[in-house]
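Asker: Quick one: this structure, given as structure tokens, is what I'll be asking you about.
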Amino acid sequence: MTEATNSGAVTSPAKRGRGEKSSPTIYDIARLAGVNPSTVSRALSKPGRVSAKTQKIIEDAAEQLNYQVNPFARALPTGRTQTIGLIVADITNPTFFDIIRGAETTGSARDYTLVLAESAESPETELIAARRMLGTVDGLILASPAWTTKRSGLWLRTSR
């Protein structure tokens, strides 16, 4: 993994600032590819908005730097993380296999990632998992055979 510096020297993102590792950014890719960061952003988020030659240069630079998209950074402008949360009561219960597989298959087909949690049939654990997920997922699926009106009210108060 390398990048061009202001002096033209090439350094690794892992050797930046006080020896701390940092993931490469679109700015690193832009320096290596010799283009503006906005061009990198367009190329990575909406392929086809830059020339095929520039696209290839940017993709090669991103690969050389081992660039990985940060889903939370990508979510900042839209508020969408492309993730769906699924909470199941008992991950070892075969009843939930099809639910998990169906959620994964359906989500994957729409470019969503599934985040899975198990409540161990505990309403408290279920609520904790839901609270942890609510701020980071676009939607939440609860697969619980023990759903009650009382629990529904608790969830409604929690989600506000």
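Read in order, the letters of the sequence shown correspond to residues 37 to 196 in the numbering used here.
C-beta atoms are modelled at their ideal positions from N, C-alpha and C, and glycine is treated no differently.
1. If distances are taken between C-alpha atoms only, which option among Thr61, Glu160, Ala179 and Pro73 comes closest to Ala109?
2. Tell me whether Val76 sits in a helix, a strand or coil according to DSSP, three-state version.
3. Go through the region 69-122 residue by residue and report every complete run of the alpha helix (DSSP H) that reaches 4 residues or more, in order.
4. Under DSSP, the beta strand (DSSP E) around Thr128 begins and ends at which residues?
5. Would you check if there are 3 or more beta carbon pairs closer than 8 Å linking the region 108-128 to the region 140-155?
6. Roughly how many angstroms separate the alpha carbons of Ser58 and Ala98, rounded to a whole number?
7. Counting C-beta neighbours from all protein chains within 10 Å, is the total for Thr75 16 or more, i.e. buried, or is it exposed?
8. Measuring straight from C-alpha to C-alpha, what distance separates Leu112 and Ala125?
9. Excluding the 5 residues preceding and the 5 following Ile93 in the sequence, name in chain order all residues of the same chain whose CB lies nearer than 6 Å to its CB.
10. Assign Thr172 to one of three DSSP states: helix, strand, or coil.
11. Compute the distance between the beta-carbons of Ala166 and Leu150, then report whether it is under 9 Å.
12. Sort Asp64, Ala153, Pro130 and Thr114 by Cα distance to Glu95 and report the nearest one.
13. At what residue ranges does the region 131-157 contain a whole run of the alpha helix (DSSP H), taking only runs of 4 or more?
Answerer: Put simply:
1. Between Ala109 and the set Thr61, Glu160, Ala179 and Pro73, the nearest pair of CA atoms involves Thr61.
2. helix
3. 73-81, 88-100 and 107-111
4. No beta strand (DSSP E) holds Thr128; DSSP gives it neither H nor E.
5. yes
6. 15 Å
7. buried
8. So the alpha carbons of these two residues sit roughly 32 Å apart.
9. Ala69
10. Here DSSP, grouped into helix, strand and coil, assigns Thr172 to coil.
11. no
12. Asp64
13. Under the rule that a run must span 4 or more residues, the alpha helix (DSSP H) segments found entirely inside the region 131-157 read 131-145.
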